[in-house]
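Have a look at the structure below before the remarks.
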Amino acid sequence: ITDNVSKLGWLAAVYAQDEWKLTNQLTMNYGLRFDQMDQFVSVNQLSPRLSFTYKPFENTTFHAGYARYFTPPVLVEAAPANIGLFNGTTGQLSGQSDPVLPERSHYFDAGVDQKFKFGCGSDGKNCSNLDLGVDAYYKIATDLIDNGLFGQALVLSAFNYARGYNEGIEFKAKYATGNFQLYGNLSVAQQRASDPVSNQYLFDNTTALADLGGLTALAYAQTHFLYTDHNQFVTASAGALYSFCGRPATAAEAFGDNGFSWCGVKLSADMVYGSGLRNGDDNISSLPGYTQVNIGIKREFLLPNDPKPMTIRFDVVNLFDTIYEIRDGTGIGVFAPQFGPRRGFFLGISKKI
36 ITDNVSKLGW LAAVYAQDEW KLTNQLTMNY GLRFDQMDQF VSVNQLSPRL SFTYKPFENT
96 TFHAGYARYF TPPVLVEAAP ANIGLFNGTT GQLSGQSDPV LPERSHYFDA GVDQKFKFGC
156 GSDGKNCSNL DLGVDAYYKI ATDLIDNGLF GQALVLSAFN YARGYNEGIE FKAKYATGNF
216 QLYGNLSVAQ QRASDPVSNQ YLFDNTTALA DLGGLTALAY AQTHFLYTDH NQFVTASAGA
276 LYSFCGRPAT AAEAFGDNGF SWCGVKLSAD MVYGSGLRNG DDNISSLPGY TQVNIGIKRE
336 FLLPNDPKPM TIRFDVVNLF DTIYEIRDGT GIGVFAPQFG PRRGFFLGIS KKI
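In the numbering used here, each number is its position in the sequence shown, counted from 1, plus 35.
Next up, the structure:
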């Protein structure tokens, strides 16, 4: 069955933005944007935005803002499907195939960043620095765009939820003293959506499922808020870096003319943690959490009569060879299982020119 679709899509936008320093501590940014989309549907939107930055002290910054967003779908993912072509075949589909619409949303966020300096020298320099930050956001979306791999398709298929909410809070920390750096990030978030209003045929509406209370996948999605497939409640990362000498090794240090030197050597370690993406019918459950640790060593050094350094590095990805699933093949638009990388060893050489 051949279903050829071709379309030349157009996107055009114009915006104006200004920054107004109300006081020495308070700055306001505001703007207005107009978007026109002409693809499989032709729509437009006028989008205002407003934000404030308040800096009561040198190392303290507060921010808060609002923005209206207009997000067109990816053209290839929004191509309409003529499901009637499959009538009378084993691949017959049922349901509606309304066109994919642009997403419209209201976005609010607020946060604070704080810097601490300590252990400074008598000249006020060479300080240790601790940077902390927190940011909270809330998004209200109409025609929330999502996509997935439904069967053995070459491209993803997009669809809209009538309503969607995305909310979360993010924490960050970074510490630096001398040649040592340490960082950490933590995000707690969720995205919920309800009622598919385009390409509804992607949701099965023929099989009643016990874990959905006897409803079909489409009927449940139309009457309940569900977590989107890319929802992960907790995501975290952390890492450390130590640099010997804080500079590349000279040619003499690199080639041992003056004995072995650690200058130019950088040791690093980092980890990522995820509480698990969604799985199951209509994403009603989630996969187990996972942690992956990586380490690396590299050396920057100068070649004779060359002011730009060369770098040799060696990295181990997934140091403990932790086996974990990112996807298990279930959930909305998840066709096949996917795993995190097994332990890997990587050697790299680079040269600045």
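All residues carry an ideal CB built from backbone N, CA and C; glycine is no exception.
query                                                                                                                           : result
Top-ranked residue by Cα proximity to R334, from G159, I384, Y89, K42                                                           : I384
Closest residue to A102 among P83, F69, N94 (Cα-Cα distance)                                                                    : P83
Nearest residue (CA-CA) to D181, options L189, A171, V76, N266                                                                  : N266
N- and C-terminal bounds of the beta strand (DSSP E) containing Y236                                                            : Premise fails: Y236 is in no beta strand (DSSP E) and is neither H nor E.
Touch test, the stretch 95-109 against the stretch 117-126, Cβ-Cβ under 8 Å, three pairs minimum                                : no
Beta bridge counterpart(s) of H265 as assigned by DSSP                                                                          : BP columns for H265 are empty, so no partner.
Given 8 Å, three or more beta-carbon pairs between the stretch 277-287 and the stretch 238-248                                  : no
Collapsed DSSP secondary structure at A252 in the structure displayed                                                           : helix
Residues that DSSP places opposite P372 in a beta bridge                                                                        : D363
Three-state secondary structure assigned by DSSP to G324                                                                        : coil
Candidates E205, P323, P108, R313, of which the one nearest Q76 by Cα                                                           : Checking the sequence shown, residue 76 turns out to be Val, not Gln. It is P108 whose Cα lies nearest to the Cα of V76.
Alpha-carbon spacing of G379 relative to Y277, whole angstroms                                                                  : 22 Å
CB of V269 within 9 Å of CB of G309, strictly                                                                                   : yes
Beta-bridge pairing of Q415 - partner residues as DSSP gives them                                                               : Lying outside 36 to 388, the shown extent of the chain, residue 415 is not represented and no answer is given.
Per-residue burial, R313 [other beta carbons within 10 Å of its own, 16 or more giving buried]                                  : buried
Length-filtered (4 minimum) alpha helix (DSSP H) runs lying within the stretch 49-99                                            : none
Cα-Cα separation, D178 to S229                                                                                                  : 10 Å
Pairwise C-alpha distance: D317 and Q149                                                                                        : 41 Å
Proximity of F194 and V111 at Cβ, strictly below 9 Å                                                                            : no
Proximity of I330 and V300 at Cβ, strictly below 9 Å                                                                            : no
Rounded Cβ spacing between F105 and P137 (contact assumed at less than 8 Å)                                                     : 6 Å
C-beta atoms of Y262 and S192 nearer than 9 Å                                                                                   : no
Opening and closing residue of the beta strand (DSSP E) in which A211 lies                                                      : 192-212
Contacts around G219, its chain only, beta-carbon distance under 6 Å, and the 5 residues preceding and following it disregarded : A208, A273
Reduced DSSP secondary structure (H/G/I, E/B, other) of D181                                                                    : strand
Of the residues G100, I36, F69, F151, the one placed nearest V49, counting alpha carbons only                                   : F69
Cβ shell of Q235 (< 8 Å), same chain only, five flanking positions each side left out                                           : G130, Q131, S132, D133, F194, L253
Cβ neighbours of Q60 in the same chain (closer than 8 Å, five flanking residues each side left out)                             : Y89, K90, P91
Rounded C-alpha distance that separates G324 from L354                                                                          : 17 Å
Assigned exposure category for P372 - 16 Cβ within 10 Å defines buried                                                          : exposed
Unbroken alpha helix (DSSP H) run spanning A287, endpoints                                                                      : 286-289
Cβ shell of P344 (< 7 Å), same chain only, five flanking positions each side left out                                           : P283, E335, F336, L337, K387
Proximity of I361 and F374 at Cβ, strictly below 9 Å                                                                            : yes
Spatially closest choice to Y196 from V169, L237, D166, D305, by CA coordinates                                                 : L237
DSSP-derived helix/strand/coil call for N406                                                                                    : Coverage of the chain is limited to positions 36 through 388, which leaves residue 406 absent and any answer about it impossible.
Cβ shell of T62 (< 6 Å), same chain only, five flanking positions each side left out                                            : K56, T88
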